[in-house]
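Take a look at the structure below.
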Amino acid sequence: MPLVNVMVNNRAYTIACDDGEEEHLRALAATVDAKTREVLSSVGQVGDTRLLLMAALLIADEHHGGKTDAHDHHAEHQSLRAELEAKAKLAEEESAAALDRASARLEKLAAQLSAA
Numbered sequence: 000m001p002l003v004n005v006m007v008n009n010r011a012y013t014i015a016c017d018d019g020e021e022e023h024l025r026a027l028a029a030t031v032d033a034k035t036r037e038v039l040s041s042v043g044q045v046g047d048t049r050l051l052l053m054a055a056l057l058i059a060d061e062h063h064g065g066k067t068d069a070h071d072h073h074a075e076h077q078s079l080r081a082e083l084e085a086k087a088k089l090a091e092e093e094s095a096a097a098l099d100r101a102s103a104r105l106e107k108l109a110a111q112l113s114a115a
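Straight run, no breaks: the sequence shown in numbering that gives the first Met the number 0 ends on number 115.
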């Protein structure tokens with residue numbers, strides 16, 4: 000299990016991860032560091048624990064918002080899909096009716112030609 004050194008709020012941390020996950024862990028740590036710096040610039044030094052907690056809460060809020068957006072988009076997609084399926088069914092029914100009318104006209108013309 001590899002050990003990865005990361006920096007968050009100018010502090011070094013050594014964290015273990017699964018093989019192949021090193022870069023992903025570094026990217027996550029960079030996200031936490033950036034959010035920690037953002038919190039630090041807006042509220043000042045409030046202690047490492049509180050600073051990291053506030054950063055974690057902001058990241059969780061962004062994640063939750065993304066999940067909510069994804070859920071809303073999925074619901075909209077389902078609604079549009081149902082609407083499209085209904086319109087396709089109507090178009091199919093209208094096409095079938097038009098073909099039935101055309102077939103009836105052709106049969107009538109064929110009967111008239113046969114009678115002539």
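All C-beta atoms, glycine included, are put in the ideal place defined by N, C-alpha and C. Because the structure is a prediction, the values reported are computed rather than measured.
Reduced DSSP category for residue i - H, G, I as helix; E, B as strand; rest coil
i    : result
A115 : coil
M0   : coil
For residue i, the first and last residue of its enclosing beta strand (DSSP E)
i   : result
V45 : Where V45 is concerned, there is no enclosing beta strand (DSSP E), given that its DSSP letter is neither H nor E.
Proximity below 8 Å, CB of residue i to CB of residue j
i   : j  : result
T35 : N4 : no
Beta carbon proximity, residue i to chain B, threshold 8 Å
i   : result
Y12 : Of the chains in the structure shown, none is chain B; there is only one protein chain.
Close beta carbons around residue i, own chain, < 7 Å, minus the five adjacent residues each side
i   : result
A28 : V5, V7
Residue from the options whose Cα sits closest to the Cα of residue i
i   : options            : result
E61 : A11, T48, V31, G46 : V31
L51 : R80, L2, A33, T67  : A33
A55 : L83, V45, V38, A97 : V38
Proximal residues to residue i (C-beta, below 6 Å), its chain only, five neighbours per side dropped
i   : result
Y12 : V5
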